[in-house]
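Chains as they are written, first to last, in the numbering used here: chain X, 1 to 187; chain C, 188 to 374.
Number of protein chains: 2
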Amino acid sequence: MKKGEANRKRIVDAANQLFYHKGYNQTAFSEVAEASGIPKGNFYYYFKSKEELLEAVIDQRIEDIRCMLDEWQQRLATPRERLHRFTRIPLNEIDDVVRYGCPMGSLNVELGKTQLHLKSRASEMFDLFINWLEKQFAEMSYREQARGYALHLFANAQGAALVGSVYSDRMFIKAEVTRMDDWIDTL
Amino acid sequence: MKKGEANRKRIVDAANQLFYHKGYNQTAFSEVAEASGIPKGNFYYYFKSKEELLEAVIDQRIEDIRCMLDEWQQRLATPRERLHRFTRIPLNEIDDVVRYGCPMGSLNVELGKTQLHLKSRASEMFDLFINWLEKQFAEMSYREQARGYALHLFANAQGAALVGSVYSDRMFIKAEVTRMDDWIDTL
DNA sequence: GTCTATATGAAGATAGAC
DNA sequence: GTCTATCTTCATATAGAC
C-alpha cells in the first residue's frame, strides 16, 4: 500500500470512531486530525470536504459489514445458527452499545434529520443486514414472510440497542437478545 | 398570562418543533428566532443559554406527556385498552414519524452522544411512558413481569419508529403496530 | 421589556511554502 | 505529498440604546 493510501485509511478509521462516539455534525475536522495524527491542512489533499469524508466512512462500514456477513454465511452451517449469530452482535459489543448505541442506527437517525441526501447511503448499511436476514428466513422455507420477519427482527434489535443505551442497561439488552433468540427458535 | 410568558412559550414551541425536525445541535438560535417571530437579541432575556432553552423544551414535553397519560388513564376503562392506545401513537403521527422518527428517541440518541449531562433529563420522557405501561401490565396482574413487558413493548415501538423512518415505510410501521397489538392480546 | 449592533470563538475550507 | 498560516462564515452570546 502506498503511503497516501495508508494515511487515507488512518483518517477514515479515526473519523469512523469519532462519528460513532460524537456524531457526524459534532465531530470537528481538527479532532479527526488530532486522532489520526494527520495535520488539519492535509485533509483537503485526501478529501475535498467533510461530507466526502463521511461518504468514505460509510463506504468502509459497508465493506466491513459485507465481509462479516460473507464470513458468517460460509462458517455457519444453518440459517438458524446465522440468525442467532446476528442477535449476538449487541452482546459482543455490549460496552459500546450501552455507551453509544448502534453505530448504524444513530448515524441513520442523525443523517435523516440533517443530511437528507446521504440518508440513502446510510440506509445501505441496514439493507445489507436486512437482506441477509431475509435470505436466512427464506432458506428456512418462510418464503412469504421472510421479508417481514427480517425487518421485524432487525427493528427489535434496533429498539433494544436504543433503549439499552438510553438507560445504560446491560441486563435489558441481554433480556431482549434472549427474547429474540426464543422467537427464532419457535419458527 | 403576562406578555413575557406568552413570548417565552412561543420560543419554546418553535424550538420544540425545530429540535425535532433538525436536531438540537443543528438548530441555530437565529432559526428559532425567525420561526417564533422573536428577534435574536431578545432570546437572552428569556434564556441564559441555548442549553437552558433545551431544558425548557424537555420540561414542556414532559408536561405534555404527563397530561396525555393522565387523560388516557381516566378516559380508558381497562389496562388493555390503554396499552392499545399507546401502540396507536405512531399511527396517529405517521407523517411525522416517517419523516423525523420518534421525537423522544431521536433526542435521546443525540444527547446521549453530545450532551451527556442532559441525558437523564431526556430519558425522563421515556420513564413516564415506561412507568405508565408498567402500571397497566401490573393491573393485568402480571406483577412479576410488568417491568420487563413495559420495557419490551416500548423498545419495540422505538425500533419500529426508527426503522420505519429510515425507510420512510408506512406499511412497516403499521405491520409492527399490528404485531404489538396481537402480542398484547395474547396476554 | 424590546431591539440593533457587535464581540467572540469555532469550524470548514484555502493558499502557498517546502 | 506534507505542512503552516490564514481566510471566511456562521453560531453563540453580549452590550447598551430605546
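Every residue, glycine too, gets a C-beta built ideally from N, C-alpha and C.
All figures in this text were calculated on a predicted structure; none of them were measured in a lab.
* **Integer Cβ distance of C/G210 from X/T114, believed to fall under 8 angstroms** => Confirmed, Cβ separation roughly 6 angstroms.
* **Other residues of its chain near C/A309: CB distance less than 7 angstroms, five sequence neighbours each side excluded** => I245, L294, N295, L298, listed in sequence order.
* Just the chain C side, please: which residues come within less than 9 angstroms of X/F154 by C-beta, in chain order? => For X/F154, the residues of chain C that pass the 9 angstroms Cβ criterion are G346, V350, in the order they occur in the chain.
* Asked: Among residues of its own chain, excluding the 5 on either side of X/D181, which ones have a beta-carbon nearer than 8 angstroms to its beta-carbon?
  -> Hits under 8 angstroms: H84, T87.
* Asked: Counting only beta-carbon atoms, is C/F359 nearer than 7 angstroms to chain X?
  -> Yes, C/F359 counts as interfacial toward chain X.
* Assign X/G41 to one of two classes, buried (16 or more other C-beta atoms within 10 Å of its C-beta) or exposed (fewer than that). => Burial call: exposed.
* Asked: If we ignore side chains and look at the alpha-carbon of each, how far apart do C/K322 and C/G346 end up?
  -> Spanning the two alpha carbons is a distance of roughly 22 angstroms.
* Find out if the Cβ-Cβ distance for the pair X/R10, X/V98 is shorter than 7 angstroms. => Not a contact, by the Cβ cut-off of 7 angstroms.
* To do: With distances taken Cα to Cα, identify the nearest neighbour of C/E218 among C/Y232, C/K235, C/V199.
  => The shortest CA-to-CA distance from C/E218 to any of C/Y232, C/K235, C/V199 is the one to C/V199.
* Asked: How should X/C102 be labelled, buried or exposed, when 16 other C-beta atoms within 10 angstroms of its C-beta is the threshold for buried?
  -> Residue environment for X/C102: buried (at least 16 other C-beta atoms within 10 angstroms of its C-beta).
* Between the stretch 149-164 of chain X and the stretch 125-132 of chain X, do three or more beta carbon pairs fall short of 8 angstroms? -> Enough Cβ pairs lie closer than 8 angstroms, so yes.
* To do: Return the residue from the list X/E55, X/A35, X/F29, X/G37 that minimises the CA-CA distance to X/S120.
  => When only C-alpha atoms are compared, the closest one is X/E55.
* To do: Run the CB neighbour count on X/G4, radius 10 Å, all protein chains shown included, and call it buried at 16 or more, exposed below.
  => Taking a 10 Å sphere around the C-beta of X/G4, we find fewer than 16 other C-beta atoms and assign the residue as exposed.
* **Test item: CB-CB of X/A150 and X/I130 under 7 angstroms** => In this structure, X/A150 sits near X/I130, with a CB-CB distance shorter than 7 angstroms.
* Assuming X/Y100 contacts X/S165 (C-beta within less than 8 angstroms), just tell me the rounded distance between them. => In this structure X/Y100 touches X/S165 by the C-beta definition: roughly 7 angstroms separates them, less than 8 angstroms.
* Asked: Relative to the alpha-carbon of C/A264, which residue among C/N203, C/K237, C/M327 has its alpha-carbon at the smallest distance?
  -> Distances from the CA of C/A264 to each of C/N203, C/K237, C/M327 were compared; the closest alpha carbon is that of C/M327.
* Along the alpha helix (DSSP H) that carries X/D96, what are the first and last residues, could you check? => For X/D96, the enclosing alpha helix (DSSP H) stretches over residues 94-100.
* What residue does the alpha helix (DSSP H) around X/N131 start on, and which one ends it? -> First-last of the alpha helix (DSSP H) with X/N131: 119-139.
* To do: Tell me, to the nearest whole angstrom, how far the beta carbon of C/L303 is from that of X/G105; I am working on the premise that it is less than 8 angstroms.
  => Going by Cβ atoms, the distance from C/L303 to X/G105 rounds to 18 angstroms, so no, they are not a contact pair.
* To do: Alpha carbon to alpha carbon, how far is X/I184 from C/R262? Give it in angstroms, no decimals.
  => Roughly 38 angstroms separates the two Cα atoms.
* **Near-chain X residues of the stretch 299-316 of chain C - C-beta to any C-beta below 7 angstroms** => For the stretch 299-316 of chain C, the set of residues with a beta-carbon nearer than 7 angstroms to any beta-carbon of chain X comprises G299, K300, T301, S310, F313, in chain order.
* To do: May I have the straight-line CA-CA distance separating X/R61 from C/A333, to the nearest angstrom?
  => Each residue's Cα considered, the two are about 38 angstroms apart.
* To do: Would you mind working out which of C/L240, C/Y329, C/V364 sits nearest C/L305, comparing C-alpha positions?
  => Measuring from the Cα of C/L305, the nearest candidate turns out to be C/L240.
* Asked: Which first and last residues belong to the alpha helix (DSSP H) in which C/R269 is found?
  -> According to the DSSP assignment, C/R269 belongs to the alpha helix (DSSP H) that extends over 266-274.
* Go to C/R248, then tell me how far its alpha helix (DSSP H) extends in each direction, as first and last residue. => Where C/R248 is concerned, the enclosing alpha helix (DSSP H) stretches over 237-262.
* Mind checking whether C/A201 and C/S223 have CB atoms under 7 angstroms apart? -> The Cβ atoms of C/A201 and C/S223 lie closer than 7 angstroms to each other.
* Would the beta-carbon of X/E176 be found less than 6 angstroms away from any heavy atom of the ligand NAP? -> The ligand NAP is not part of the structure shown, which contains no ligands of any sort.
* **Nearest-angstrom Cα separation, counted from C/F206 out to C/Y231** => Counting only the Cα atoms, C/F206 lies some 18 angstroms from C/Y231.
* Nearest to C/A269 by CA position, among C/A362, C/L340, C/D251, is which residue? -> In the sequence under discussion, the amino acid at residue 269 of chain C is Arg, which differs from the Ala named in the question. Distances from the alpha-carbon of C/R269 to those of C/A362, C/L340, C/D251 put C/L340 closest.
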